[in-house]
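In order, the protein sequence lines correspond to chains A and B.
Using the working numbering, you'd call the opening residue of the first sequence number 2 and step up by one each time.
Using the working numbering, you'd call the opening residue of the second sequence number 2 and step up by one each time.
Have a look at the structure below before the remarks.
There are 2 protein chains.
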Amino acid sequence: MQLARMIDLARGSGTVDLVIRNCRVVNVLSGEIHQADVGIADGIFLGFGVYEGKREYDAGGRFLLPGLVEGHIHIESTLLTPPGFAQAVAEHGTAAVVCDPHEIANVLGRVGVEYMLRSSHNLPVSIFFMFPSCVPATALEDSGARLSSVDVEHFLRLYPDRILGLAEMMNFPGVLAGDEGVLSKLKAATDKVIDGHAPLLSGMDLNGYVLAGPRSDHECSNLSEAMEKLRAGMHLMMREGSLERNMEDLLGVVNDFNSQNISIVTDDRNVLDLRENGHLDYGLRRAVALGMDPLRAVQMVSINPARYFGLNGYGAIGPGFRANCFLVDDLKDFNIHEVFLNGLLLEEHVFESGNGLPVRNSMHVGTEIDESMFAPEKGSGKIRVIGTSHGQLLTENLVMEPLLENGVPVADPARDVCKLTVIERHRATGSHATGFVRGLWLSQGAIAGTVAHDSHNLIVAGMNDADMVLAAREVVRMGGGFAVVRDGCVLATLPLPVAGLMSDKGLAEVSDGVRELDRATGELGCSYNPFMLISFLALPVIPSLKLTDRGLVDVDTFGFTGLWTD
Amino acid sequence: MQLARMIDLARGSGTVDLVIRNCRVVNVLSGEIHQADVGIADGIFLGFGVYEGKREYDAGGRFLLPGLVEGHIHIESTLLTPPGFAQAVAEHGTAAVVCDPHEIANVLGRVGVEYMLRSSHNLPVSIFFMFPSCVPATALEDSGARLSSVDVEHFLRLYPDRILGLAEMMNFPGVLAGDEGVLSKLKAATDKVIDGHAPLLSGMDLNGYVLAGPRSDHECSNLSEAMEKLRAGMHLMMREGSLERNMEDLLGVVNDFNSQNISIVTDDRNVLDLRENGHLDYGLRRAVALGMDPLRAVQMVSINPARYFGLNGYGAIGPGFRANCFLVDDLKDFNIHEVFLNGLLLEEHVFESGNGLPVRNSMHVGTEIDESMFAPEKGSGKIRVIGTSHGQLLTENLVMEPLLENGVPVADPARDVCKLTVIERHRATGSHATGFVRGLWLSQGAIAGTVAHDSHNLIVAGMNDADMVLAAREVVRMGGGFAVVRDGCVLATLPLPVAGLMSDKGLAEVSDGVRELDRATGELGCSYNPFMLISFLALPVIPSLKLTDRGLVDVDTFGFTGLWTD
């Protein structure tokens, strides 16, 4: 619409598209809650006042909140594609999302990022991007792609409105060492937003890191760390995800003078959590339950992240902002009564995407999978075993007597030791490695999956080779996903045909699928979801012992180590 | 310096340029005051920590504040050129200034803006610009230039790093009416910052104005106006200048959730005030005296305006920020102990500018000035007289019996009525007009000046034509400035050779000159500075009766009116 016409409408001349009457506006700009009617035209808020609308919606005195803004999430970890994800979070009041397509970038590189951009183009929920900074995460594994500063420059130039900057710079040792490749990525993103990721980094090393460019951190786990990072000028993203929950430990950092520098983010949100507990609305409930003023909590999931990322037009209700908002019954439970996106009711929107990119054929393991790929290296003496415990990403570097069959170590249900194999799946290099893990609680059968941070190779855990072969083959057949197998039978599968990371189905179907996997792994002895746990067993940046397609990694020395201790 | 080297230094490897030891840092980012040593290299803060410096400065436990940021000022109104101004405010802790060169733009157009840009280039105080939006201010006067949306586009493209956007859009009636020229200027500045200027605008008209683009206001004079503008998403610039002082009336608007959207600005600061009371440090003192928390007050003259304008690297002390800071003894009087700019002591800086632009020859009045130019129009009956009172920009539209000499109305000391003449000085059009003003307190002689908002024509007030001619000629001879004349003698002058608006001398000399003018006008009967008052008598946007070079303007009807009422 012409600006002159919009000005006229804002001034009350003419009939606007929609009036939301009788709201209590949670105004994150003036820092108050005030009664108002809100006029909307052309998907834009006109302001507060006496408007006449083609449609009028009586809010019944409910609280009107601005559409929420997610500052840091990996959409792939929901197992949903951008349209499916957008639809799922829209119901929870989310209107804009800044995501880091780090997972798909590790599988498909540029094509993966392009897919995420195209499949999220013009959705009712605005999806923005940070360009992945660390692909591959390490040199100790085979990922599907390698992204350099040339890619950073290329994408930032090509998509100035959708890619806001450089995603979480996890390689803080590289930054501190002045690594040329790392610094060139930071330089390519100068004048853009650069997100940080530096757990427990402090003191003068933190100075060096912040000076280099990163201006946010979502890894803080304690108060003094959070305050030090705020002092150094970082935007503090308090993480309250499915896996990592830091809010309770960090709330004490908030004072009357610094809260504009703090957002609440999720980082990772699994599909069951999305369905059952919500998205950022969950963060709101939790923050208020922990004692935060509701207005401040709302600012932390709206205007604060919007301003940090320079997202003009998002995160507030006022003239010229996009007409994203939602009604809640109170500021404690935040029960959502109605959601408006771009001036329309949520149910009036469609969440569709068209894309012609080759993201559905990401399984490239070469030859047919057989038992030979699951054979551990030969040796004698004791073996190294990855020790896991539930809910912990850290593993132990255990040394155990192996259980031998014909001189070859095998799984040992009596001691909860399971075989673990990682098979390269991106370029059919044939690279694969086998080790052992304790603590998965599998007593029989096998599970296989293609979600395995950060390279997302095919990872298989099992108590016997035949089931491991079947589980792996089943996943290859599906073009990626999860499979649960016992005694030669496939108990459950969840296909993830999009890059082996995401389903093409919606929230309900995917979360039902996850429940089905849970049920099946329960039959194998697990009382929790073991796919989450194995998805971190190939990530060689979290101590102490991990397995990639190239072999066992001693993370503490950041090098390979043998299965046998002798 | 190479980034890798800076990272090393920040991490404590090597000797940095300067360490400021033993400070209490007023940290506007974390919202606390904390003890620290601060490392600096290459003009950049490295961070807090244990640094070794080539130079070390013991702060003796004093408070370290970030260099202050002025969000809205017209430098010309100080009568100082950018280098002189920068030097004057640097002593008061100011490190960055966003100015609107509206005055010189009305005199010299593009050349004037270029002059301001060039003469402020690379000064120790960073000078940023907003491109003037309303030149000329009205069609009822002859200014020296006319700037259109083409100029806006041109300058924004040419100086993306120095011109931050469009300056105060004073023509809010034009915005609301959808005036094409006005809207095209706003459109040219889309994605840039657009400052507003809309005194008392409220309700749905305010919605229309904000929707059109302006996102700040420095004209608020009461609480409810300020709160309404915050609600609508405007950045509130609380003005505490030499002329207009709104802070006391507006402080009540500040709460714990909105202060990040509020700055303290000066708008206009005269040279005596600068010298005697300071710049933004005065605003700090005043805010704290009025009860504001000192940390919050500091935020309002540092990080808040820096963020509003997107000035990364300004307004805070932390890794990567420019090393602008100053030490004060306490957070009440803010007595300044030492100023650091770009990592150097203030006294190590030079404030020089070179420019070859034709800004020194701005007086173009055509023919020699003689008494004929001071003759009022002929008529009979009563005359309209501009009624002024001190400290008020509003004037009254008085109707009085004229004092006649040979049938011609003349000045009338008995009733404090003085003759007032405005002479076009930009294009030698010969345009001039004469009226009468009551309330100047001139009892004899004449004064003349080239500061007369917004067109800055030559304005002369006097009790007899001979002195008026002499005063006007003296100003023309100086190439612009102020002159005070009595009985054929020049009592005092202050040359303003730069566009007739600014002196090429420094703070001390110019403020001495102003005092000299005060002394001289005191001899004519004034107990205050009448030049400030006459500088607004030609501004036809403030009611009720004004005089431009084209004649008397009835501001209430926004049209010309005759001297005679009949």
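For each residue, glycine too, the CB sits at the ideal point set by N, CA and C.
All values reported here derive from a predicted model rather than from experimental measurement.
- Taking a C-beta distance under 8 Å as the contact criterion, Gly314 (chain B) and Pro306 (chain B) do not qualify as a contact pair.
- Taking 8 Å as the cut-off, the beta carbon of Val485 (chain A) is found no closer than this to the beta carbon of Gly440 (chain A).
- If the five residues before and after Asp274 (chain B) are omitted, its C-beta is found closer than 6 Å to the C-beta atoms of Ser243, all from its own chain and listed in chain order.
- Taking 8 Å as the cut-off, the beta carbon of Asp455 (chain A) is found closer than this to the beta carbon of Ser144 (chain A).
- Chain-ordered, the chain A residues with CB closer than 7 Å to the CB of Ser31 (chain B) read Met228, Leu231, Arg232 and Asn259.
- Inter-residue distance for Asp268 (chain B) and Leu69 (chain B) is about 15 Å (C-alpha atoms, whole angstroms).
- The Cβ atoms of Gly234 (chain A) and Asn259 (chain B) lie no closer than 8 Å to each other.
- Only those residues of the stretch 197–220 of chain B whose C-beta falls short of 9 Å from the nearest C-beta of chain A are listed: Gly204, Met205, Asp206, Leu207, Asn208, Gly209, Tyr210, Val211, Leu212, Ala213, Gly214 and Arg216.
- Counting only Cβ-Cβ distances below 8 Å, Arg12 (chain B) has contacts in chain A at Leu177, Met205, Asp206, Asn208 and Gly209, in chain order.
- Gly48, Phe49, Gly50, Val51 and Tyr52: these are the residues of the stretch 48–82 of chain A whose beta carbon lies less than 9 Å from some beta carbon of chain B, given in chain order.
- Under the Cβ distance rule, Ile41 (chain A) does not count among the residues neighbouring chain B, no pair being separated by less than 8 Å.
- Cα atoms of Ala87 (chain B) and Leu312 (chain B): separation of roughly 18 Å, rounded to the nearest angstrom.
- According to the DSSP assignment, Ala87 (chain B) belongs to the alpha helix (DSSP H) that extends over Pro83 to Ala91.
- No Cβ of chain A is located within less than 8 Å of the beta carbon of Pro102 (chain B).
- In the three-state reduction of the DSSP assignment, Pro410 (chain A) falls in the strand class, which pools E and B.
- His236 (chain B) is classed as buried because its beta carbon has at least 16 other beta carbons within 10 Å across all chains shown.
- In this chain, the alpha helix (DSSP H) harbouring Gly113 (chain B) covers His103 to Ser120.
- A distance of 8 Å or more separates the beta carbons of Gly85 (chain B) and Leu421 (chain B).
- Residue environment: Gly48 (chain A) is assigned as buried (16 or more neighbouring CB atoms within 10 Å of its CB, all protein chains considered).
- Residue state for Leu19 (chain A) is assigned as strand, using DSSP reduced to three classes.
- Apart from the 5 residues on each side of it in sequence, Asp550 (chain B) sits with its Cβ closer than 7 Å to the Cβ of Glu142, Asp143, Val423, Ile424, Glu425, Ser432, His433, Ala434 and Asn458 in its chain, given in chain order.
- Closest by C-alpha distance to Lys230 (chain A), out of A:Leu252, A:His427 and A:Leu201, is A:Leu201.
- Put simply, the backbone Cα of Arg361 (chain B) is about 30 Å away from that of Ile543 (chain B).
- Check the Cα spacing between Ser134 (chain B) and each of B:Ala290, B:Gly197, B:Arg6 and B:Thr451: the tightest is with B:Gly197.
- Against His35 (chain B), the close residues of chain A are Arg232, in the order they occur along the chain (beta-carbon pairs closer than 8 Å).
- Distance between Ser528 (chain A) and Ile535 (chain A), taken at the CA atoms: about 15 Å.
- The criterion of a C-beta distance shorter than 8 Å is not satisfied by Ile337 (chain B) and His122 (chain B).
- Distances from the alpha-carbon of Ala324 (chain A) to those of A:Ser14, A:Arg6 and A:Asp18 put A:Asp18 closest.
- Less than 8 Å divides the Cβ of Cys221 (chain B) from the Cβ of Leu251 (chain B).
- Inter-segment contact for the stretch 210–218 of chain A and the stretch 173–187 of chain A is present: three or more beta-carbon pairs are separated by less than 8 Å.
- Residue nearest to Gly175 (chain B) within the set B:Asp206, B:Glu406 and B:Glu402 is B:Asp206 (criterion: CA-CA distance).
- For a Cβ distance threshold of 9 Å, residue set Gly234 of chain B lies close to Ala317 (chain A), ordered along the chain.
- Apart from the 5 residues on each side of it in sequence, Met228 (chain A) sits with its Cβ closer than 6 Å to the Cβ of Val254 in its chain, given in chain order.
- Boundaries of the beta strand (DSSP E) harbouring Phe483 (chain A): Gly482 to Arg487, taken from the DSSP string.
- Excluding five sequence positions before and after Glu339 (chain B), the CB atoms of its chain that fall closer than 6 Å to its own CB belong to Leu328, given in chain order.
- Around the Cβ of Lys547 (chain B), a 10 Å sphere holds 16 or more other Cβ atoms; the residue is buried.
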